[in-house]
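All you need for my numbering is the position in the sequence shown, starting with 1, plus 169. Note that CB positions come from ideal geometry on N, CA and C, so glycine has one too. Since this is a predicted model, take the numbers as computed values, not measurements. What follows is a short report on a single structure.
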Amino acid sequence: MQNLLYLPVPMAFFVAAAITTFIALSGLYLVRRRYSAEVLKENHEVAAIIFNAFGLFYGVMVAFVVFVTWGGYSDATKSLQMEASEVDDIFHSTEAFPDPARSVIKKELINYINSVYNDELKKMDGGQVILHAHGPLHHLMEVFYHTDPTSFSNRELYGETLKRLNNLAQDRRLRIFAANDTVPEAVWLVLLVGGVFTVLYTFFFGMKNIRAQYVITTTLTVTITLILFLIYVLDHPFTGTSKVSAEPLKEVIDVMQQE
170 MQNLLYLPVP
180 MAFFVAAAIT
190 TFIALSGLYL
200 VRRRYSAEVL
210 KENHEVAAII
220 FNAFGLFYGV
230 MVAFVVFVTW
240 GGYSDATKSL
250 QMEASEVDDI
260 FHSTEAFPDP
270 ARSVIKKELI
280 NYINSVYNDE
290 LKKMDGGQVI
300 LHAHGPLHHL
310 MEVFYHTDPT
320 SFSNRELYGE
330 TLKRLNNLAQ
340 DRRLRIFAAN
350 DTVPEAVWLV
360 LLVGGVFTVL
370 YTFFFGMKNI
380 RAQYVITTTL
390 TVTITLILFL
400 IYVLDHPFTG
410 TSKVSAEPLK
420 EVIDVMQQE
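As structure tokens, this is what we get:
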């Protein structure tokens, strides 16, 4: 499944839907070979009531999971944007700092954002998530914590910059937490089993026009597959072609290099 995340979005959805639809139509073909439409019609009334109730429960469950995963994807996007914003603000705030603190802080900021853009995000794309900050961020915090505040003429600006540095570390942790916030296996089990049962129910409705039943089964299977695959995509906000855009980081890197 994870390999599909690296395909273009239309192709990934098409492949997932094609596989499940082929399986569903094969099952329908076997059922209709064994049971005629007249035999299946005998259970239409009871099957329709159960199908409506089951479809309602399953639909609510799927809608809730989509809402939660979409919220997690939005949080991941916001965390990355806030992280880039904090770096940009700290970079410009250091203009009022005396040397050598100003030069060291700017250098570590450039190292940090390049590390996130070129290293951390690629590791997160591969499923490697490192919570503890090492390298540039650790060095940057060491510079602040070992600098004498009395050497700054504008102590209010120093305090505000230190606050933004703490916010930067928090935004980084939130970004990593968003990548770890996956749908539990128990929820996936309910979603997959429910989807299979929903499609299976369509096998036991006898329609004289078998082509119409194939079309109905196909549309239902494709719809369920696309929704479940959407949940899978949203559950991996930093993986594949639909991952959170790193453009905010790239824009800040360009600004810092120009200045």
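Could you compute how far the alpha carbon of glutamate 329 sits from the alpha carbon of isoleucine 393? As a first step, residue 329 is located in the sequence shown; it is residue number 160 there, counting from the start. As a first step, residue 393 is located in the sequence shown; it is residue number 224 there, counting from the start. C-alpha separation (whole angstroms): 50 Å.
Relative to the C-alpha of isoleucine 218, which candidate in Tyr370, Asp404, Thr388 has its C-alpha closest? By one-based count along the sequence shown, residue 218 stands at place 49. Comparing Cα-Cα distances from isoleucine 218 to each of Tyr370, Asp404, Thr388, the minimum goes to Tyr370.
Within its chain, find whatever has a CB closer than 6 Å to the CB of alanine 245; leave out the 5 residues flanking it on each side and keep chain order. As a first step, residue 245 must be located in the sequence shown, where it is residue number 76. Cβ within range, chain order: Ala347, Pro406, Val413.
Tyrosine 204 versus tyrosine 198: straight-line alpha-carbon distance, rounded: Taking the sequence shown and counting its residues from 1, one reaches residue 204 at position 35. Taking the sequence shown and counting its residues from 1, one reaches residue 198 at position 29. Taking the straight line from one Cα to the other gives about 10 Å.
Residues near isoleucine 422 by beta carbon distance below 7 Å, same chain, minus five either side: As a working mapping, residue 422 is identified with position 253 in the sequence shown. Cβ neighbours of isoleucine 422 beyond the five flanking positions: Ile282, Asn283, Tyr286.
Tell me the DSSP secondary structure of glutamine 297 in three-state form. On the sequence shown, position 128 is the one that residue 297 refers to. Looking at glutamine 297 - three-state DSSP - the assignment turns out to be coil, as it is neither helix nor strand.
To the nearest angstrom, how far is it from the Cα of phenylalanine 374 to the Cα of valine 231? In the sequence shown, counting from the first residue as 1, residue 374 sits at position 205. In the sequence shown, counting from the first residue as 1, residue 231 sits at position 62. Cα to Cα, phenylalanine 374 sits roughly 24 Å from valine 231.
Same chain, Cβ closer than 7 Å to alanine 193, five either side skipped, listed in chain order: As a first step, residue 193 must be located in the sequence shown, where it is residue number 24. Result list for alanine 193: Val368, Thr386, Thr390, in chain order.
Extent of the continuous alpha helix (DSSP H) to which threonine 429 belongs: Nothing can be reported for residue 429, as the shown portion of the chain is limited to 170 through 428.
When DSSP labels each residue in this structure, what does histidine 261 get in the three-state scheme? Numbered from its first residue, the sequence shown carries residue 261 at position 92. Note: histidine 261 maps to helix in three-state DSSP.
Rounded to whole angstroms, what's the CA-CA distance from phenylalanine 223 to serine 411? Just pull it up for me. Position 54 of the sequence shown, counted from the first residue, corresponds to residue 223. Position 242 of the sequence shown, counted from the first residue, corresponds to residue 411. Their Cα atoms are separated by approximately 32 Å.
Given glutamate 255, which residues of its chain have a CB within under 7 Å of its CB, disregarding the five upstream and five downstream residues? As a working note, residue 255 is residue 86 in the sequence shown. Arg333, Asn336, Leu337, Asp340.
Sequence-distant residues of its chain with Cβ nearer than 8 Å to alanine 415 (five each side left out): Position 246 of the sequence shown, counted from the first residue, corresponds to residue 415. Counting only Cβ-Cβ distances below 8 Å, and skipping sequence neighbours, we find Leu249, Tyr286, Leu290.
Leaving out five residues before and five after lysine 210 in sequence, what residues of the same chain have Cβ atoms less than 6 Å from its Cβ? Along the sequence shown, one-based indexing puts residue 210 at 41. Closer than 6 Å at the Cβ level, and outside the excluded window around lysine 210, lie Gly375.
Excluding sequence positions up to five away, which residues of its chain have a Cβ less than 6 Å from the Cβ of aspartate 257? The residue labelled residue 257 in the question sits at position 88 within the sequence shown. Around aspartate 257: Val421.
Run of the alpha helix (DSSP H) containing alanine 181, from where it starts to where it stops: Taking the sequence shown and counting its residues from 1, the one referred to as residue 181 is at position 12. Unbroken alpha helix (DSSP H) run through alanine 181: 178 to 203.
Going by DSSP in three states, glycine 363 sits in which element: helix, strand or coil? Residue numbering aside, residue 363 sits at position 194 when the sequence shown is read from its first letter. Reduced to three states, the DSSP call for glycine 363 is helix.
Using 7 Å as the threshold, is the C-beta distance between valine 312 and valine 273 below it? Stepping through the sequence shown from its first residue, residue 312 is reached at position 143. Stepping through the sequence shown from its first residue, residue 273 is reached at position 104. Yes, the Cβ-Cβ distance between valine 312 and valine 273 is below 7 Å.
Using DSSP with H/G/I as helix, E/B as strand and the rest coil, what is histidine 307? In the sequence shown, residue 307 corresponds to position 138, counting from 1. Looking at histidine 307 - three-state DSSP - the assignment turns out to be helix.
Endpoints, alpha helix (DSSP H) assigned at methionine 425: What you label residue 425 is simply residue 256 of the sequence shown in a count that begins at 1. It spans 416 to 427 - the alpha helix (DSSP H) in which methionine 425 sits, taken as one unbroken run.
Methionine 376 (DSSP reduced to helix, strand or coil): In the sequence shown, counting from the first residue as 1, residue 376 sits at position 207. In the structure shown, methionine 376 sits in coil (DSSP, three-state: anything other than H, G, I, E or B).
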